[in-house]
Structure formats: structure tokens, C-alpha cells
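A short worksheet on the structure shown next.
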Amino acid sequence: MRTIRFQFSHGGYIRQETVERTVSIIGLEAINVETDFNYLFPELAKDPNSLLPADNTADVIDKLKKLGEAMIEVQSDPEEANSTIPPVYTYWGQFIDHDITANTDRTAQDLQTDITKDDFTPLSPDFVTDKLKNLRRPTFDLDSVYGDGPTLEPEAPTQAKDFYQEDDPVKLKVGQNAKHDASGKPIPGAKIPPEGDLKRDLPRNNRIAVIGDSRDDENLIVAQFHTAFLRFHNAVVDWVRANEPEKVKNERDLFVRAQNLVRWHYQWLVVNDFLKTLTVSGIVDSILKDGLKFYEPRNGELFMPLEFSVASYRFGHSMVRAAYDYNRNFTDEPGALADATFKLLFSFTGRGDIGGRPPGPGPFDTLPCNWIIEWDRFVNKHRAAERKRNSARKIDTHLAPPLTTMINEGEEEGLSVSIKELLKHLAKRNLLRGYLLSIPTGQSLAKRLGIPELIADELKQGNSDAINQALEPFLKKTPAWYYILKESEVRANGDSLGEVGSRIVAETFIGLMINDPFSYLNRRESDDSPWDPSKGVKLPDGGEIRVIGDFLKFAKVLL
Ligand code: HEM
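Quick note on our numbering: the sequence shown kicks off at 3 and runs consecutively.
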């Protein structure tokens, strides 16, 4: 059996038959990297005072599970759960996670113990940094989209060759939507404009997505976001061919120029749209102007901070809704075919057999055309400000109920009922993962960052009795993931991260970009001016790509 790096399954339990099927069909490794994880603050990770107790671990594990259980709301998406953040930011956030970090959840093989054991012992920080490797480059280079690039010289084939079009290998493959079901009946529902454009799925082989990171086919919204990237890249290739023929002498030049433009647009948007929307006002500009305070490469190498991957950046889990206003067919409006529930959004993915497994109606080989996303329902800040369905859930300690029953997790044969239940429960997994990997407590991180700590009343604010009861043992030493969510909730109304979360996320993003010689922040044009969207591709009306909606328009997935 070969290892295939791009075929990820959360939790380290890859379905054997999926691996075999993928290897035999695709037969390649799209990207094979191992980079460093490390602690932003190793001195905290090594100080018992900054960690949850390491004695009586079975008791701590049990209490963490109770806290995770209590963080799940009884009611799905109540009105007060809505933030002012449009829901595209949730899945854009997930897409970014898959570009820069992978593997904190696959500890079984690497670390010889696992969160599924009832009495695991937290690992020493040295052991973690020695053994646990990030299976992504920690740069915003879209390795999750490009793999190791196209094969432009047949004598030097790339591993990602199959991601690229046979007749125009500088372009990425895009999947075709199904117009009929398996029995030949037309797919019901309204057509999604622009009608006739049915290249709006991930490329698939035997339903499995042929892309650089299979986690981008984990749920349908992130899959449609990845599809937008494939189309954006191809549209940039067309734009370069039409607008800059003098800059590209051959296919290699053309691909490199298009890829650079895609990366710089993406990176600029990550800093100026994504990060500014999700962090406290002013922090991004202050880091850009005055520099980083905490992130520094180690031994000259970029590393992925564990406080980011295992705690702070998992804030996105609390933004996930139980149901979406997805498109005209799948929403809660009268006349729609069905509601776009979390379960359906997971069912219409490769791992959900594109609706072939319950609760989907399948089988289909590719995404049915009635399931193409309508992005205008996901990007609009005015609509999100109404705090209705067109907003993400608040960043807070109250999570949507379906996050306890993730349908594509814990499905491997031979698992006990209790392990299955655990693997399907995201809040428990996050809390246990933080404990296993010795992530410093929220209070110790706040102190180190020079930010006033949350007091007990703040940690309890807005909680049900059940959460407060489960939180009692953790009031002085609070798991970082819970702390960061609660900080957002009580100090930023759940409409952005708070100070600790913002600082760790912004330092990581900008730290990775400033220290990447190829990022837009280090790009100088021939007149020595820095790169910004005025130097990039333009929309047909001449407009620049300045917000995510412009990006989706250029990809022609948003009208
Ligand atoms: C429906 C949406 C999502 C689902 C079902 C999901 C599920 C998961 C699961 C099962 C894990 C592994 C947990 C463990 O055992 O440690 C994970 C890891 C992670 N998730 Fe999510 N996630 C979602 C969205 C997001 C979003 C929106 C973000 C951030 C904005 C995010 C950030 C992360 C990060 C940083 C990791 C760790 C990645 C690594 O291994 O380095 N996720 N997620």
C-alpha cells in the first residue's frame, strides 16, 4: 500500500477501500511534504503551570468530554446565534486551513497514542515537535490546489499531472455537473444561472475528487469554493493569454505567471478581506506597519504554530451553521426542494458518495446540477448584518448540533461504538486534541501576549447551566480553544475574534507571508512598487479584485 498524502481523512482513519480505489485510478502522489509544527511559545508548553493538569489524566479527559458535550446547543441555529459575518468566510477559512496545515488530527501512527484512548497522557512538547509533521507547506501557495504542478515536459512528469487538462495542461481540470440521475430522469428543481454552465463541480474519478487535498471535498460548500479556485486559475490563464502575451514566451512562463497572479490575489484577499473581517479592528494594519511581535521562523525555517492549528484557528468550527440558504432549490424558502441541511451538504461529496448514501437520494457520479451553489447568498455583508440565515454563526462557545454527528467521520469498520461517537463529535475532539498536544491554557496565552485575562464571570457569561457546571474544573486553567471562543463572544459579540485569538491568527498568517520570499508582501514590480490588486487581473468592467465577491465574479461562479 502506498501512502497518498493528498487523500486525507480527518482523524487518521482512512477508509482502506477508498485508498485502494484512489491509488488504482489516480496512481500518484500529488504533493509529498513534511514541514515543522512548533509552539509559538515553547516555554509555556513546557511549564506545567501553563497546562491542564497532567495527573489523573482519565479524570481530565472525562471532564473535557463533558465540556465538549455541553458546548453543543440543543436548538439548531437560533436567531441569537447569527453573527454579522457572511457564511463564505467559514468555508474560506476551512479552505485556508487545508492550504497551510494538516495532520494534527492523525496522531495514531505518528505518536503511538490517541485521543480515542480513555487515559492517554499528554505528550511532551519535544516529542510532539519531533514526531508530528505538517503535511502542508506553511505558505499560502495553494499546494492544496496545484499539487506539484502540471506536466509540461513529458520526460519530467509531475505527481499532480492528473489535476491538469490533457489538451491544455496549463489549466486545471474542472468537473461536469450531472443533468440526469442514474436512471436517466432529469434532475428536478430550478436551473442555476448562468444556465448551461455546468462546469461547476470538482473533477472526479469514480466520485472521488481528483484534487490536491481531499479535505476540500469534505462538505459541499468548501468543495464549491475549491471549484471556484480551479475556475479562477483557468480564467487567469485566459486573461494572461489575452492581455500579456509579450510576458510569456512558452507554456512554462504562462503557467508560472498565471499561478503567481492567482497566489498574489489570494494572499492579498486573505490579509485585506478575510483577516480584517475576522480579527479585531486595527490589528492587521498595525502588524503590517509596525511588524510582528511574536512569530519568528525557527532555525531559519517557517513553522506552523500548534497554538494556531490545534486551538485558535479552530474558531471556525463555531461559525458552522446547521442549515444554509444554499441556492434556490435547497433553502428554507417556500417552493424549494429541501432545506440545505448539514447532513445533505456532507452527503453530496465524494466521501458521501455524492448523495448515494443516506440521507442523499443518489447515486450520481458527479454533483447534480440542482446543487450548484449560489454565492450571492454567502458573500453579502449587508445581508449578513441582518443576522439572519445569510450569516455565519457567531464565534462563541455554542456549537451547532450536527457537529456531534459528522456523517463522514468515524465510519471505518471495526471501531467500537464509543470511538465512533467520539470521532463524530467535533467539540470533544478539539478539546482532547489540545490536551494531548500540550497546548497552553487560554489564561497563559493571554498573559504572554499582554492581554487582560478573561475573569471567571466572563468565562461563564451567556452559558447554560450545563456548560457552567462542566466548566467549573477549568475556570482557572481553561482549554485554549474554549477560551478563544469565549473571548470572541464576550469581548467582540461573536462578530470577530477577540484580542488573543486575533493576535495568534494574524501573527501566524502575516508571519508566514512576510517570511515567504514569494508572497505578495515581498513582491516588487519593475518600478519597485509593492504588489496590490491594481497590478493584477481585472473584471470585464475594469474593476479590481478587492473582496472575495470580486474573486468569485472573475471565476464566473458569481454573477
Ligand atoms: C463543516 C465544517 C468543518 C468540519 C466538519 C470540520 C471538521 C474537522 C475535523 C473532524 C478536524 C479534526 C479534529 C481532530 O480530531 O483534531 C478538523 C481539524 C481542523 N479544522 Fe475543521 N472542520 C470544519 C470547518 C473548519 C473551519 C471553518 C475552520 C477554520 C476557519 C477549521 C479549522 C480546522 C483546523 C485548523 C484543523 C486542524 C488541521 C490540522 O490538522 O492541522 N475547520 N476539522
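Just so you know, even glycine gets a beta-carbon here, dropped at the ideal spot from N, CA and C. In this text, all values refer to a predicted model and were calculated from it rather than measured experimentally.
Report the three-state DSSP secondary structure of histidine 400 (helix, strand or coil). coil
Taking a contact to mean a Cβ-Cβ separation below 8 Å, would you say serine 521 touches glutamine 269 in this structure? yes
For aspartate 398, count neighbouring Cβ atoms within 10 angstroms of its own Cβ and tell me buried if that reaches 16, exposed if not. buried
May I have the straight-line CA-CA distance separating alanine 340 from aspartate 327, to the nearest angstrom? 11 Å
Any non-hydrogen atom of the ligand HEM within 7 Å of aspartate 99 CB: yes
Leaving out five residues on either side along the sequence, give the residues of the same chain with a beta carbon under 6 Å from the beta carbon of proline 400. Note on residue identity: the sequence assigns histidine, not proline, to residue 400. Excluding residues within five positions, the ones whose Cβ falls inside 6 Å are Glu75.
Contact check, serine 52 vs serine 446 under 8 Å by CB: the rounded distance? 4 Å
Does the ligand HEM have a heavy atom nearer than 7 Å to the CB of valine 322? yes
Would you tell me roughly how many angstroms separate the C-alpha atoms of lysine 181 and arginine 202, rounded to the nearest one? 12 Å
Neighbour-count burial assignment, glutamine 96, 16 or more Cβ in a 10 Å radius: buried
For asparagine 465, the nearest candidate out of Glu491, Lys449, Ile453, Arg450 (CA to CA): Glu491
For a test of your reading of the model: does the CB of serine 504 fall under 7 Å from any non-hydrogen atom of the ligand HEM? Yes or no. no
Does DSSP put asparagine 252 in a helix, in a strand, or in coil? coil
Run through DSSP, which three-state label would valine 559 get? coil
Nearest-angstrom Cβ-Cβ length linking isoleucine 189 and proline 370, presumed shorter than 8 Å: 5 Å
Inter-residue Cα distance where the pair is arginine 254 and valine 172: 8 Å
Rounded straight-line distance, which links the Cα of asparagine 40 to that of leucine 308: 6 Å
Could you say which of Ser528, Pro44, Gly412, Gln261 lies nearest to leucine 439 if we only look at CA atoms? Pro44
Would you mind giving the Cβ-Cβ distance between tyrosine 437 and leucine 66, rounded to the nearest angstrom? I have them listed as a contact below 8 Å. 6 Å
Measuring only the C-alpha atoms, how far is methionine 306 from asparagine 136? 8 Å
Whole-angstrom C-beta distance between alanine 324 and serine 78, which should lie under 8 Å: 4 Å
Return yes when the C-beta of leucine 428 is under 7 Å from any heavy atom of the ligand HEM, and no when it is not. yes
Please report how far the alpha carbon of threonine 86 lies from the alpha carbon of glycine 496, in whole angstroms. 9 Å
Using a Cβ-Cβ distance under 8 Å, would serine 52 count as near chain C? Included in the structure is just one protein chain, with no chain C present.
Neighbourhood of valine 282 by C-beta distance below 8 Å, restricted to the same chain and skipping five residues each side: Ala494, Ser498, Leu499, Gly500, Glu501, Ser504
Take the Cβ of leucine 541 as the centre, count every other Cβ of all protein chains shown within 10 Å, and call the residue buried at 16 or more, exposed below. exposed
By Cβ distance below 7 Å, which residues in the same chain neighbour glycine 29 in space, the five residues on each side in sequence not counted? Confidence is the limiting factor: at glycine 29 the pLDDT is only 31, short of 50, which leaves the residue's position unreliable and the question unanswerable from this model.
Closest to valine 258 by C-alpha separation, out of Gly151, Phe122, Asn331, Leu425, would be which residue? Gly151
Could you give the DSSP three-state label for proline 299: helix, strand or coil? coil
Please indicate yes or no: does the CB of glycine 500 lie closer than 7 Å to some heavy atom of the ligand COA? The model depicted lacks the ligand COA and carries the ligand HEM instead.
Proximal residues to arginine 330 (C-beta, below 6 Å), its chain only, five neighbours per side dropped: Ala192
Unbroken alpha helix (DSSP H) runs of length 4 or more, entirely within the segment 462-496: which are they? 467-473, 482-494
Run the proximity test for serine 420: is its beta-carbon closer than 7 Å to any non-hydrogen atom belonging to the ligand HEM? no
Can you find the residues in the same chain that come closer than 6 Å, C-beta to C-beta, to lysine 68, ignoring five residues on each side of it along the sequence? Ala472
Between the CA atoms of tyrosine 148 and leucine 174 - distance to the nearest angstrom: 8 Å
On the DSSP bridge list, what partners appear for lysine 540? Glu546
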